[in-house]
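Sequence positions in the first sequence follow the working numbering and run 202 to 622. Each residue gets a CB set at the ideal place from its N, CA and C atoms; glycine is no exception. A quick note: this is a predicted structure, and the numbers were derived from the prediction, not measured.
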Amino acid sequence: MSKESGEITPGRRETLVPAKRILLVDCDMFYVQVARLEDPDGVGKEEYLLVGGSPTGRGVVTSASYSVRAFGVRSGMPTAQALQLCPQAKVAPVSRRACAARSRNVRDTLVDLSPVVQAASIDEFYLDLSGTERLFHQESQPETAKRIREEVLKRTEISVSVGGGTRKLIAKLAAGRAKPAGVHVVPPGAEAGFMRTFSLREIPGVGPALAETLEARGLVTVDDILPVERIWLDEWLGPSRGRWLWERVRGLDSSRVNSEDERKSVSSERTFNTDLTDDRALELKLLGLVGSVGGTLRRKGLRGRTITVKIRDGDFKTRQASHTLPDPVESDRTIHSVARNLLMELRKRRRTSVRLLGVGISSLVEGEGPPQLELFHTGSSSESERDRVVSRVMDDIRSRFGHEVILPGSMLGGAQGKADE
DNA sequence: TCTGGGGTCCTAGGACCC
DNA sequence: TCTGGGGTCCTAGGACCC
């Protein structure tokens with residue numbers, strides 16, 4: 202395993218502040234693991250296991266077992282294509298609920314083990330262990346990483362890989378080197394050398410588009426770009442992105458591990474098995490999406506001001522329209538009345554077959570304040586206390602009897618005249 | 001073999017205000 | 001009466017991540 206770390210380092214003269222000790226805990230092929238744990242006697246037994254999409258539909262691979270990856274299957278690949286490459290693979294659906302629950306387990310365990318934990322995604326968690334040396338009896342960072350890995354496995358049955366370093370960027374890249382089911386810690390002072398082992402495309406934040414721009418200048422690896430002066434990167438990429446890349450290739454990353462980042466938006470979207478052309482059919486789908494977004498919003502105790510409708514046409518062209526209300530809202534009726542208008546606008550601009558429809562809400566604030574005084578609040582776009590109560594009663598009924606019990610339209614329809622004013 | 005669903009962040013232009 | 005400059009909000013689109 203990796204060398205020792207954590208001692209005084211010859212490489213960093215300038216620091217008076219002790220180097221940060223950051224870990225990234227990354228679940229190994231998370232969705233595959235969850236699928237196996239949830240159905241140990243069925244699909245969980247399959248060596249060639251692929252999670253996500255349906256064999257016939259339009260889905261893509263969310264995660265694949267290593268045996269399947271050996272055939273060239275990657276996440277994000279259309280499931281149909283993956284099955285061409287690896288016909289013996291069995292496809293399991295993604296269980297969102299199970300994955301969310303397992304993710305919560307892992308996070309709760311980490312919160313017990315580390316003072317600062319940030320959930321970066323459903324299967325990735327940053328830990329900041331700076332200042333815990335005494336607490337952990339001078340345990341080295343690789344030892345800590347190993348102990349955490351084992352503790353998470355014991356408590357949650359989830360196998361993780363752990364990367365470590367002095368910055369999030371380093372920890373993240375190190376976690377890649379730790380996979381599968383291992384630990385990799387980059388000692389303080391070794392960051393720049395570590396970065397030189399990567400290609401530019403491997404740096405988080407460098408996607409296909411930026412990689413192509415750089416490649417056009419003959420820049421493929423970190424080593425290629427190190428001799429390039431900052432002014433040229435600014436010139437080619439703009440000052441903001443230029444500076445960002447200049448820092449990244451040197452292993453610099455000032456972002457902090459932040460345990461309290463609030464969510465900025467809630468959305469729901471659906472790709473149809475076959476494209477839809479009929480406006481009535483689209484409106485029906487819109488209703489379901491609004492219910493999903495509104496339900497999540499209320500469950501989280503949030504309200505939002507900006508409503509966005511997104512369409513992907515049959516030719517994969519993606520368009521969106523949004524509208525911002527003066528006051529934050531949470532009821533299905535209000536969200537729907539805005540979303541419906543936006544959908545009609547989008548359809549008016551371009552009326553072709555629709556592959557995907559989505560609804561989102563942003564500009565979020567904590568909801569559940571004191572009831573608003575309707576007296577001062579009579580604009581047509583504003584939401585009444587009655588709207589909110591109706592939505593919450595619906596949530597309650599759905600949570601008890603399932604989503605299919607009441608057609609949301611029956612209640613929305615009743616209030617519609619009011620929405621249109 | 002066509003391309004999921006949940007997010008975040010950035011950019012750029014126009015409106016509007018001082 | 002010939003036109004500045006900065007700040008903020010809104011909208012649309014795009015890149016990127018898991």
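Residue i (DSSP reduced to helix, strand or coil)
| i | result |
| --- | --- |
| PRO219 | coil |
| GLY603 | coil |
| SER592 | helix |
| PRO367 | The sequence as given places Thr at residue 367; Pro does not occur at that position. In the structure shown, THR367 sits in coil (DSSP, three-state: anything other than H, G, I, E or B). |
| VAL429 | coil |
| GLN319 | strand |
| LYS355 | helix |
| LYS291 | strand |
| PRO381 | coil |
| ALA346 | helix |
| SER455 | coil |
| ILE404 | coil |
| LYS373 | helix |
| LEU576 | With a pLDDT of 44 at LEU576, under the threshold of 50, the modelled position of this residue cannot be trusted; read the value that follows with caution. In this structure, LEU576 counts as helix in the three-state DSSP scheme. |
| PRO409 | helix |
| LEU225 | strand |
| LEU336 | coil |
| VAL244 | helix |
| PRO571 | For PRO571, the predicted structure reports a pLDDT of 49, less than 50, and the residue's modelled location is therefore unreliable. A value from the coordinates is still provided. The answer is coil: DSSP assigns PRO571 none of H, G, I, E or B. |
| SER360 | coil |
| PHE395 | helix |
| GLU461 | coil |
| SER268 | helix |
Residue range of the alpha helix (DSSP H) that includes residue i
| i | result |
| --- | --- |
| HIS537 | 533-550 |
| GLN234 | 231-239 |
| ILE562 | Taken as a continuous stretch (DSSP letters only), ILE562 belongs to no alpha helix (DSSP H), being part of the beta strand (DSSP E) at 555-567. |
| ALA301 | 297-314 |
| GLN282 | 280-286 |
| GLY253 | Taken as a continuous stretch (DSSP letters only), GLY253 belongs to no alpha helix (DSSP H), as it is neither H nor E. |
| ALA482 | 480-500 |
| ARG513 | No alpha helix (DSSP H) holds ARG513; the beta strand (DSSP E) holding it covers 503-514. |
| GLU448 | 440-450 |
| SER583 | It is not in any alpha helix (DSSP H) - SER583 carries neither H nor E in the DSSP assignment. |
| VAL623 | No answer is possible for residue 623: it lies beyond the span of the chain, which begins at 202 and ends at 622. |
| VAL262 | VAL262 -> no alpha helix (DSSP H), and no H or E assigned at all. |
| VAL274 | No alpha helix (DSSP H) holds VAL274; DSSP gives it neither H nor E. |
Option nearest residue i by Cα separation, candidates the options
| i | options | result |
| --- | --- | --- |
| LEU224 | ASP516, GLY568, LEU330 | LEU330 |
| ARG464 | LYS380, GLU567, VAL384 | GLU567 |
| ASP324 | PRO316, LEU547, ARG303 | ARG303 |
| GLY258 | SER441, ARG556, SER592 | ARG556 |
| LEU251 | GLY260, SER264, ASP242 | SER264 |
| ILE530 | SER583, GLU248, THR497 | In the sequence under discussion, the amino acid at residue 530 is Val, which differs from the Ile named in the question. Looking at the Cα atoms, SER583 is the closest of the given residues. |
| LEU487 | SER441, ARG541, GLU448, ARG520 | ARG541 |
| THR553 | GLY245, ARG500, LEU483 | LEU483 |
| THR367 | ILE349, PRO343, GLU351, LEU354 | PRO343 |
| VAL262 | ARG297, TRP447, ARG356, TYR232 | TYR232 |
| GLY495 | VAL510, ASP516, SER469 | SER469 |
| VAL353 | SER315, LEU370, PHE337, VAL387 | SER315 |
| PRO381 | SER268, LEU311, VAL510 | SER268 |
| LEU286 | VAL429, LEU498, ILE404, ALA271 | ALA271 |
| ASP514 | ILE536, ARG534, VAL539, THR472 | THR472 |
| PRO527 | ARG520, THR535, MET545 | THR535 |
| GLY669 | LYS347, ARG442, LEU446, GLY452 | Not covered by the structure: residue 669. The range shown for the chain is 202 to 622. |
| THR357 | HIS338, ALA299, TYR327 | ALA299 |
| ARG311 | ARG601, ALA346, LEU490, MET595 | Just to set this straight, residue 311 is Leu in the shown sequence, not Arg. Comparing Cα-Cα distances from LEU311 to each of ARG601, ALA346, LEU490, MET595, the minimum goes to ALA346. |
| ARG551 | GLY559, ARG481, THR519 | THR519 |
| GLY277 | PRO294, VAL407, GLY253, VAL295 | GLY253 |
| LYS549 | ASP480, PRO241, GLY260, ALA290 | ASP480 |
| ARG593 | MET545, LYS501, GLU248, LEU544 | LYS501 |
Cβ separation of residue i and residue j, assumed to be a contact under 8 Å, to the nearest whole Å
| i | j | result |
| --- | --- | --- |
| ARG525 | SER564 | The sequence as given places Thr at residue 525; Arg does not occur at that position. THR525 to SER564, Cβ: 7 Å. Contact. |
| ASP641 | SER362 | Outside the modelled stretch of the chain, which goes from 202 to 622, sits residue 641, for which no answer is possible. |
| ASP588 | SER532 | 4 Å |
| VAL292 | SER255 | 7 Å |
| LEU370 | PRO405 | 7 Å |
| GLY394 | ARG378 | That pair is no contact at about 13 Å. |
The beta strand (DSSP E) enclosing residue i, as first and last residue numbers
| i | result |
| --- | --- |
| TYR327 | 325-329 |
| SER469 | 466-477 |
| PRO388 | Taken as a continuous stretch (DSSP letters only), PRO388 belongs to no beta strand (DSSP E), as it is neither H nor E. |
| SER523 | 519-530 |
Check: residue i C-beta below 7 Å from any heavy atom of the ligand ATP
| i | result |
| --- | --- |
| SER585 | Because no ligand of any kind appears in the structure shown, any question about the ligand ATP cannot be addressed here. |
Using 8 Å as the cut-off, can you tell me whether the stretch 365-374 makes contact with the stretch 231-248, which would need three or more C-beta pairs spanning the two stretches below that distance?
Because the criterion of three Cβ pairs below 8 Å is not met, the stretch 365-374 and the stretch 231-248 do not touch.
With contact counted as at least three CB pairs below 8 Å, one residue from each stretch, are the stretch 412-428 and the stretch 395-404 in contact?
Yes: at least three Cβ pairs fall under 8 Å.
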